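There are 2 protein chains.
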Amino acid sequence: MVPVRTPGTLYLLPAPLHPEADSQSMPAMLAPLALRLKHWVVESERSARRFLRILNPGCPIDTLHFSLLNEHTRAEEVSAMLCPARSGEHIGLLSDAGCPAIADPGAWLVAEAHKHGVPVHPVAGPSSILLTLMGSGMDGQKFSMHGYLPVEALARARALKAVEDESRRRAGATQLFIETPYRNRQLMAAMEANLRGSTRLCIGAALGSPKPTLITRSLTEWKGNWPDLHKIPAVFALQAQ
Amino acid sequence: MVPVRTPGTLYLLPAPLHPEADSQSMPAMLAPLALRLKHWVVESERSARRFLRILNPGCPIDTLHFSLLNEHTRAEEVSAMLCPARSGEHIGLLSDAGCPAIADPGAWLVAEAHKHGVPVHPVAGPSSILLTLMGSGMDGQKFSMHGYLPVEALARARALKAVEDESRRRAGATQLFIETPYRNRQLMAAMEANLRGSTRLCIGAALGSPKPTLITRSLTEWKGNWPDLHKIPAVFALQAQ
Numbered sequence: 357m358v359p360v361r362t363p364g365t366l367y368l369l370p371a372p373l374h375p376e377a378d379s380q381s382m383p384a385m386l387a388p389l390a391l392r393l394k395h396w397v398v399e400s401e402r403s404a405r406r407f408l409r410i411l412n413p414g415c416p417i418d419t420l421h422f423s424l425l426n427e428h429t430r431a432e433e434v435s436a437m438l439c440p441a442r443s444g445e446h447i448g449l450l451s452d453a454g455c456p457a458i459a460d461p462g463a464w465l466v467a468e469a470h471k472h473g474v475p476v477h478p479v480a481g482p483s484s485i486l487l488t489l490m491g492s493g494m495d496g497q498k499f500s501m502h503g504y505l506p507v508e509a510l511a512r513a514r515a516l517k518a519v520e521d522e523s524r525r526r527a528g529a530t531q532l533f534i535e536t537p538y539r540n541r542q543l544m545a546a547m548e549a550n551l552r553g554s555t556r557l558c559i560g561a562a563l564g565s566p567k568p569t570l571i572t573r574s575l576t577e578w579k580g581n582w583p584d585l586h587k588i589p590a591v592f593a594l595q596a597q
Numbered sequence: 357m358v359p360v361r362t363p364g365t366l367y368l369l370p371a372p373l374h375p376e377a378d379s380q381s382m383p384a385m386l387a388p389l390a391l392r393l394k395h396w397v398v399e400s401e402r403s404a405r406r407f408l409r410i411l412n413p414g415c416p417i418d419t420l421h422f423s424l425l426n427e428h429t430r431a432e433e434v435s436a437m438l439c440p441a442r443s444g445e446h447i448g449l450l451s452d453a454g455c456p457a458i459a460d461p462g463a464w465l466v467a468e469a470h471k472h473g474v475p476v477h478p479v480a481g482p483s484s485i486l487l488t489l490m491g492s493g494m495d496g497q498k499f500s501m502h503g504y505l506p507v508e509a510l511a512r513a514r515a516l517k518a519v520e521d522e523s524r525r526r527a528g529a530t531q532l533f534i535e536t537p538y539r540n541r542q543l544m545a546a547m548e549a550n551l552r553g554s555t556r557l558c559i560g561a562a563l564g565s566p567k568p569t570l571i572t573r574s575l576t577e578w579k580g581n582w583p584d585l586h587k588i589p590a591v592f593a594l595q596a597q
């Protein structure tokens, strides 16, 4: 008879939001936990190596097993990534930045873990979405995250108005969205053109870097005073008045 | 001429999710930052004192200034809590558990800070909402948090169905909600009675405690197998299939 093995745990580990961030913004238990894991599912191997070197410059990275889970991964590859856990080994899941499974493909692996009875243990850490919500001063009990809005101008204008309407309909519920950093300028121009002057907008940009921006103003106040966010990671939170 | 003073910063500091949680789940920079603050806005003084004693058992708590910001605070009292920042002193904002301004009245103070040009600096830490979302395996890019659902049976049933409909309409977007811990049993009974068997539900309970629950199953699988969550803090995440 084959003995039934206790499965390993899938640990969801936060990564720094910015290459210059040090380990001080991370939970103290992260390094001892991460440095004992042999099996990793990561968004990119380069970021994973940098992460491990920040935790311990002498980490024997070449002895570790890395599987890639990102937008190029096919759904049918994901299940096999849990094999180490099924034979009793723990696995670390790591994003390029921030919390895995929040706005990245890591959620597929977590869903598989639940299907196969692999315990899931998320470790809290920096998330630019949560930091923007906390720091916005907007409703932190009723909020929606929309991910990326459409890129095409007319569709984007329509989406921005729909998001503003949703906030108004839900008594000022906070509406969050993100954009690819090199399109932030177009998004800001579209907000200026399509949102009401009284709507409040919080910009959380370069969070976790030495020079973060976290400011809430009305659209009227932002008009003509937009920060330069070209190629800078940013989260936007909006609240209709 | 009165010199223009640089305002102090409003720091949003995370508190442990559970009384038994130690400081290891908190960012390493939290203690040195928190222990240098003299002015505090807190949800309850008892939790704030416990928090500071965890960071440093010898903390001279009696020399600190605490203002209370909770559901009993009147809106017109909030602005005065920023006075120390206007005269150049930093302020710490603290919830009873988790991240301030997420599902607690702290957001009022943050909104005031933005109005008066007081810089806002959120520090990442454990949030039961974010941990449940990460660990659910559900959509981490499109999600909505609804806060508390109605208590009255018919209104609750209607709200649950509306939340399930919203997930279906938005291609499986994750829907999160919470309940007062002593009403978790009624909420689970209502979910069993009103949600479709194929809908997936994640329960994140007692997160941050030594015995957390974080499990995603279909309603059909939960039926008759609910955990005992009486008086246990829990977050619920739902995804229609």
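Residue numbers (this note's numbering), protein chains in the order written: chain H, 357 to 597; chain X, 357 to 597.
C-beta atoms are modelled at their ideal positions from N, C-alpha and C, and glycine is treated no differently.
The structure presented is a predicted model; accordingly, all values stated were derived computationally and were not measured.
With distances taken between CB atoms, is the gap from residue i to residue j smaller than 9 angstroms?
i: Val476 of chain X; j: Met385 of chain X; result: no
i: Ile458 of chain H; j: Gln497 of chain X; result: yes
i: Gly528 of chain X; j: Ile485 of chain X; result: no
i: Val466 of chain H; j: Leu489 of chain H; result: no
i: Leu408 of chain H; j: Cys415 of chain H; result: yes
i: Pro461 of chain H; j: Thr429 of chain H; result: yes
i: Arg361 of chain H; j: Ser435 of chain H; result: no
i: Thr576 of chain H; j: Cys558 of chain H; result: no
i: Phe499 of chain X; j: Met501 of chain H; result: yes
i: Pro440 of chain X; j: Leu369 of chain X; result: no
i: Gly493 of chain X; j: His470 of chain H; result: yes
i: Glu468 of chain H; j: Lys394 of chain H; result: no
i: Tyr504 of chain H; j: Glu548 of chain H; result: no
i: Ser381 of chain X; j: Asp452 of chain X; result: no
i: Arg539 of chain X; j: Val507 of chain X; result: yes
i: Val474 of chain H; j: Pro363 of chain H; result: yes
i: Tyr367 of chain H; j: Ala387 of chain H; result: no
Please work out which residues of its chain come closer than 7 angstroms, Cβ to Cβ, to residue i, disregarding the five sequence neighbours upstream and downstream, and give them in chain order.
i: Leu487 of chain X; result: Gly560, Leu563
i: Lys517 of chain X; result: Asn550
i: Asn426 of chain H; result: Glu399, Ser400, Pro461
i: Val397 of chain H; result: Ser423, Leu425, Met437, Ile447, Leu449, Leu465
i: Glu310 of chain X; result: Lying outside 357 to 597, the shown extent of chain X, residue 310 of chain X is not represented and no answer is given.
i: Ala463 of chain X; result: Ala457
i: Lys579 of chain X; result: Glu548
Pull up the DSSP beta-bridge partners for residue i, would you.
i: Gln595 of chain H; result: H:Arg556
i: Tyr367 of chain H; result: H:Gly448, H:His477
i: Thr569 of chain X; result: X:Ala561
i: Pro383 of chain H; result: X:Pro383
i: Ser443 of chain H; result: Paired residue(s): none; Ser443 of chain H is not in a bridge.
i: Gly454 of chain X; result: X:Ala371
i: Ala590 of chain H; result: H:Ala561
i: Leu574 of chain X; result: Strictly speaking, residue 574 of chain X in this sequence is Ser, with Leu absent from that position. For Ser574 of chain X, which the question treats as bridged, DSSP gives the partners X:Arg556.
For residue i, which residues from the same chain have a beta carbon less than 6 angstroms from its beta carbon, with the 5 sequence-adjacent residues on both sides left out?
i: Met544 of chain X; result: Trp582
i: Gln597 of chain H; result: Ser554
i: Pro537 of chain H; result: Lys587, Ile588, Pro589
i: Gly491 of chain H; result: Leu570
i: Leu585 of chain H; result: Asn540, Ala561
Looking only at its chain, what residues have a beta carbon closer than 8 angstroms to the beta carbon of residue i, apart from the 5 residues adjacent to it on each side?
i: Ile410 of chain X; result: Pro372, Asp378, Ser379
i: Ala513 of chain H; result: Ala546, Ala549, Asn550
i: Ile417 of chain H; result: Arg405, Leu408, Arg409
i: Ala515 of chain H; result: His502, Leu505, Pro506
Residues in the segment 492 to 512 of chain H having any Cβ partner in chain X nearer than 9 angstroms: Ser492, Gly493, Met494, Asp495, Gly496, Gln497, Lys498, Phe499, Ser500, Met501, His502, Gly503, Tyr504
Every unbroken alpha helix (DSSP H) inside the segment 386 to 438 of chain X [4 residues or more]: 386 to 390, 401 to 411, 431 to 434
Runs of beta strand (DSSP E) lying entirely within the segment 490 to 544 of chain X, each at least 3 residues, in chain order: Restricting attention to beta strand (DSSP E) runs no shorter than 3 residues, the segment 490 to 544 of chain X encloses them at 499 to 504, 530 to 534, ordered along the chain.
Residues in the segment 558 to 582 of chain X having any Cβ partner in chain H nearer than 9 angstroms: Cys558, Gly560, Leu563, Gly564, Pro568, Leu570, Ile571, Thr572, Arg573
Chain-ordered residues of the segment 372 to 385 of chain X with a beta carbon less than 9 angstroms from chain H: Leu373, Asp378, Ser379, Gln380, Ser381, Met382, Pro383, Ala384, Met385
Near-chain H residues of the segment 434 to 458 of chain X - C-beta to any C-beta below 8 angstroms: Cys455, Pro456, Ala457, Ile458
Within 7 angstroms of chain X by C-beta, residues of the segment 476 to 489 of chain H in sequence order: Hits within the stretch, in order: Val476, Pro478, Ala480, Gly481, Pro482, Ser483, Leu486, Leu487, Leu489.
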